[in-house]
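Reading through the structure tokens given below for one structure.
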């Protein structure tokens, strides 16, 4: 009886989806010049922005009737500062709106069974954007900008939080009546992920890579710090390095002890940031190739990880994940990357700063662990 009720609710929730599919709807990414203009438009259409505009009316009247300028000036300054917090209010409102529509979110996934490519999520994105707008749950028809941001929302708000719940009571407490829909949506999504994994394992594209003549960065650089700095620049970390240089300039007036401690702390934060964001350009398929190579590698000791590092350096360069064949410094760095970004998330099953949990890859990481740590220790 309960299963029949769920099926009825699915059909009702997807009525609007079928009508949407018959229409020629354009994605927001094809309407706006970039994500910044889209975000400005969303902020402009938000309720918070309209309230902010209305507040200028009494402030203007206050300027005219007030005999002192200091208080109206402070109020004006405050309103100007509030403008910079409007995007944050929009993000919070978006999160709240999504949290109330987990069921509809999952219905669309169950209906369309999107895979790991962003293009597979287009019908889900279009239908969900239209559903939110038609039911007056969102102010515009462009709640999500593109498939990448939509899929990321699925990972952040549904996939990872649900996988972190240890028992059914915790799941029901957090997701309430959406639990059966989430379970079925994850089952559909994981089936598509498994298809990609089988495809990656059957292709064995990395085994065909000739990496014998490919040197590791440790053979090219005298110091690892030089490679780290160059790689950070290639990965777009210039925006984080410039504030660090500013910190050097600011700290110059302090005594030597405060300066060393301050700069050392900021350098530690910068290095930690670089280590955590290095995995960001890698798509799910790239991560699968990496794990598949780790599993299939049969050599013993550090040389085994060196071979993996060489093959992955060539592969990631060919896939345009990095700008040079220097993604991994050596085998030790390659092994640390696996432990830090994959093994640690599986063992702790806790969210980490700037790191995805990679919950889709947990079964394959477990398979690598089952092969035994002795072969690649």
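Numbering (our numbering), first residue to last: -4 to 372.
Even glycine gets a Cβ: it sits at the ideal position worked out from N, Cα and C.
Of the residues 21, 314, 328 and 309, the one whose Cα lies closest to the Cα of residue 320 is 309. Exclusion of the five residues before and after residue 219 leaves 324 as the residues of its chain whose Cβ lies within less than 7 Å of its Cβ. Of the candidates 152, 147, 158 and 331, 331 places its Cα closest to the Cα of residue 304. Rounded to whole angstroms, the separation of the alpha carbons of residue 336 and residue 361 is 14 Å. Distance from the CA atom of residue 285 to the CA atom of residue 307, rounded to whole angstroms, is 7 Å.
Counting only runs of at least 3 residues, the segment 20 to 85 fully encloses no beta strand (DSSP E) element at all.
The DSSP assignment places no complete beta strand (DSSP E) segment of no fewer than 3 residues inside the segment 131 to 191. Counting C-beta pairs with one atom in each stretch, the segment 154 to 172 and the segment 37 to 51 have fewer than three that are closer than 8 Å, which means they do not touch. A contact is defined here as three or more CB-CB pairs under 8 Å, and the segment 81 to 88 fails this definition with respect to the segment 145 to 154. Per DSSP, the unbroken alpha helix (DSSP H) holding residue 264 starts and ends at 251 to 272.
For residue 319, the three-state secondary structure derived from DSSP is coil. Taking C-alpha positions only, residue 27 is separated from residue 253 by approximately 48 Å. When DSSP states are grouped into helix, strand and coil, residue 277 belongs to the coil group. Secondary structure of residue 326 (DSSP, three-state): helix.
Comparing C-alpha distances from residue 225 to each of 170, 322 and 36 shows the shortest one belongs to 322.
Per the coordinates, the alpha-carbon of residue 118 lies some 28 Å from the alpha-carbon of residue 358.
In this structure, the straight-line span from the alpha carbon of residue 131 to that of residue 41 is close to 13 Å.
Excluding its 5 nearest sequence neighbours in each direction, residue 113 has C-beta neighbours in its own chain below 8 Å: 141, 142, 143 and 146, listed in chain order.
Residues of the same chain with a CB within less than 6 Å of the CB of residue 176, apart from the 5 flanking positions on each side, are 98 and 101 in chain order.
Apart from sequence neighbours up to five positions away, the residues of its chain that approach residue 135 with a beta-carbon distance below 8 Å are 36, 37, 40 and 128, ordered along the chain. Looking from the CA of residue 334, the closest CA among 353, 317 and 318 belongs to 353. Around the CB of residue 55, fewer than 16 other CB atoms lie within 10 Å, so the residue is classed as exposed. Secondary structure at residue 359: helix, using DSSP grouped into helix, strand and coil.
Straight-line spacing of the CA atoms in residue 49 and residue 69 works out to 17 Å.
A Cβ-Cβ separation of about 6 Å places residue 104 in contact with residue 184 under the 8 Å criterion. In this structure residue 62 is exposed. Its beta-carbon is surrounded by fewer than 16 other beta-carbon atoms within 10 angstroms.
When the alpha-carbon of residue 189 is set against those of 287, 165, 314 and 326, the nearest one is in 287.
Within its own chain, the residues whose Cβ lies closer than 7 Å to the Cβ of residue 124, once the five positions on either side in sequence are excluded, are 136, 137, 138 and 139, listed in chain order. Taking a C-beta distance under 9 Å as the contact criterion, residue 111 and residue 292 do not qualify as a contact pair.
Around residue 81, the same chain offers 38, 41, 43, 44 and 47 as residues with beta carbons nearer than 8 Å, after the five sequence neighbours per side are excluded.
When the five nearest sequence neighbours on each side are left out, the beta carbons in the same chain lying within less than 8 Å of the beta carbon of residue 195 are those of 280, 283, 284 and 287, in order along the chain.
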